[in-house]
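Visitor:
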Amino acid sequence: MALEQQQLAALNRLIAAIAPTNRFYRPRLVAADGLAGFASLAEFSARMPFTTKDELARDQLAHPPYGTTLTFAPETYTRFHQTSGTSGRPLIWLDNADSWQWLLENWKTIWRSAGARAGDAVFFAFSFGPFLGFWTAFDSAQQLGLRTIAAGGMSSSERLHFLIAQRPRILCCTPTYALRLIDVARQEGIDLTQSGVERVMVAGEPGGSIPAVRDRIARGWPGAAVVDHHGMTEVGPVSHGTPDQPALLHVMHDRYYCEVVRPGTNEPAAPGASGELILTTLGREACPLLRYRTGDLVRPSTAPGDEPGRFALSGGILGRADDMVIVRGVNLYPAAVDAVVCAMGGLREYQVEIDRRAALPEVRIRFEPLDGTLDPSDEFSRRLRSAFQVRIEVECVSAGTLPTHEFKARRWKIVS
592 MALEQQQLAA
602 LNRLIAAIAP
612 TNRFYRPRLV
622 AADGLAGFAS
632 LAEFSARMPF
642 TTKDELARDQ
652 LAHPPYGTTL
662 TFAPETYTRF
672 HQTSGTSGRP
682 LIWLDNADSW
692 QWLLENWKTI
702 WRSAGARAGD
712 AVFFAFSFGP
722 FLGFWTAFDS
732 AQQLGLRTIA
742 AGGMSSSERL
752 HFLIAQRPRI
762 LCCTPTYALR
772 LIDVARQEGI
782 DLTQSGVERV
792 MVAGEPGGSI
802 PAVRDRIARG
812 WPGAAVVDHH
822 GMTEVGPVSH
832 GTPDQPALLH
842 VMHDRYYCEV
852 VRPGTNEPAA
862 PGASGELILT
872 TLGREACPLL
882 RYRTGDLVRP
892 STAPGDEPGR
902 FALSGGILGR
912 ADDMVIVRGV
922 NLYPAAVDAV
932 VCAMGGLREY
942 QVEIDRRAAL
952 PEVRIRFEPL
962 DGTLDPSDEF
972 SRRLRSAFQV
982 RIEVECVSAG
992 TLPTHEFKAR
1002 RWKIVS
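Residue numbers (our numbering): 592 to 1007.
The following block contains the structure:
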């Protein structure tokens, strides 16, 4: 069966399951004349409105604590998760046993694509919180026969010593934290060639698909391949990299119907152009999302022979639509700044300040140099100007001034 037929069949099964009882989507389906499903994906896109995070947040405020997106009675749900709140008010998201298993099956695809094998040890280098994060990775790994090692509640130094003792084949963390562990290992004289790590699986922020960031992680964890993936608490795991194609995130099109629109519009992006990723979950009946505006900026990439509707994400997640800033006519993305920082070397941490108080936005980047490094401000300014063709003010600050990050790094600060 062709991809479009598979997706349409899954979409109409989902609608049949949620239409009778889902108070959020039933009125929308009625208005779109879609209670009985749709004749095509094109018809679905034309008639079904987008779902936005602001709408979901307002719904949860108006109908606390969970809103009206639940298809079944709340007492039938067994999993509670919450978005990280990086781009606004955190959303609460619940799953029942069936929807949770749907998420785990998605993560099993990620594990297999990374080359994980039964019996491998996986080291989770972060503290588990209410965000979905690696909870699905943890449970799915156990179902695949992987040995899961939770390393929460530790300092970075303690985690490194614990990791060296356990010698896991796979390390899971954010790109920022993979780099942080490299820095701590250098400070403490820990030899990461003795770590046993062969795969560094990263997510939570752009980085794993940015060549400069990926190369820096791979150099710091000798012999390890860096594998990126991405997802969201409210939609689940969506895409994954592979060791042999690290610059692409392969979308699970059998699990999601994906569209890409021009940022700030409702219009489809031109073929090959970057745009905002729109996702419809083709499962997860307990808490579905139809045409959800993720806010993620992506650049679809197709290869010769790809069937219609199938694409990968070139360069991974480019950034957030609400993070992009136009500075004197130049689009500035977090991933692009990250690439310059990592290619530069000699920088421990940085923070981008966007000042919107003037008629035109101004950008300043504060940074900490690595221990013993001479002030590289001039070189940093030169590289930024070369990359973006605009002058960006930089400020060198002392070590410990800027926050370090274990989960999603929040390096962009808006002043308005």
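Heads up, the beta-carbon is just placed ideally off N, CA and C, and yes, glycines get one too.
#1: I'd like the ranges of any alpha helix (DSSP H) spanning at least 4 consecutive residues and lying wholly in the region 707 to 748.
#2: Exposed or buried, which one is leucine 965 when buried takes at least 16 other CB atoms within 10 Å?
#3: Buried or exposed, going by whether 16 or more other CB atoms sit within 10 Å of the CB of aspartate 711?
#4: Determine the burial state of asparagine 969: buried for a count of at least 16 other Cβ atoms within 10 Å of its Cβ, exposed for fewer.
#5: Helix, strand or coil: how does DSSP classify proline 859 here?
#6: Compute the distance between the beta-carbons of arginine 882 and threonine 871, then report whether it is under 8 Å.
#7: Phenylalanine 715 and alanine 742 look like a contact to me (Cβ under 8 Å); what is the Cβ gap, rounded to whole Å?
#8: Identify, in the order they occur along the chain, each residue of the same chain with its Cβ nearer than 8 Å to the Cβ of isoleucine 983, setting aside the five sequence neighbours on each side.
#9: DSSP three-state call for cysteine 933: helix, strand or coil?
#10: Using a Cβ-Cβ cutoff of less than 6 Å, which residues in the same chain neighbour glycine 900 once the five nearest sequence positions on both sides are dropped?
#11: By Cβ distance, which residues of its chain are closer than 6 Å to glycine 658, with the 5 residues on each side in sequence left out?
#12: With a CB to CB cut of under 7 Å and the five nearest residues on each side skipped, what residues in its chain are close to proline 759?
#13: Should leucine 770 be labelled buried (16 or more other beta-carbon atoms within 10 Å of its own) or exposed?
#14: Along the chain, where does the alpha helix (DSSP H) containing isoleucine 606 start, and where does it finish?
#15: State the DSSP-derived secondary structure class of valine 981, mapped to helix, strand or coil.
#16: Return helix, strand or coil for phenylalanine 641, following the three-state DSSP convention.
#17: Got a sec? Which residues, its chain only, sit under 6 Å from phenylalanine 635 by beta carbon, not counting five neighbours each side?
#18: Using the C-alpha atoms, what's the distance from histidine 841 back to alanine 912?
#19: Residue range of the beta strand (DSSP E) that arginine 947 falls in?
#20: Between proline 721 and serine 989, what straight-line distance do the alpha-carbon atoms span, to the nearest angstrom?
#21: Candidates Glu796, Ile781, Trp691 and Gly744: which alpha carbon is nearest threonine 765's?
Guide: The answer reads as follows:
#1: Correct list: 726 to 734.
#2: With fewer than 16 Cβ atoms within 10 Å of its Cβ, leucine 965 is classed as exposed.
#3: buried
#4: Here the sequence assigns aspartate to residue 969, which means asparagine is not the residue at that position. Under this definition aspartate 969 is an exposed residue.
#5: strand
#6: yes
#7: 6 Å between Cβ atoms; contact.
#8: Val918, Val954, Arg955, Ile956, Ser972, Leu975 and Arg976
#9: helix
#10: Result list for glycine 900: Leu594 and Glu595, in chain order.
#11: Asp650 and Gln651
#12: The residues Ala712, Val713, Phe714, Ile740, Gly787 and Val788, in chain order, have a CB closer than 7 Å to that of proline 759 in the same chain once the five nearest residues on each side in sequence are set aside.
#13: By the C-beta density criterion, leucine 770 is buried, having at least 16 other C-beta atoms within 10 angstroms.
#14: 594 to 609
#15: coil
#16: coil
#17: Same-chain partners within the cutoff: Phe629.
#18: 21 Å
#19: In the DSSP assignment, arginine 947 falls outside any beta strand (DSSP E), carrying neither H nor E.
#20: 33 Å
#21: Glu796
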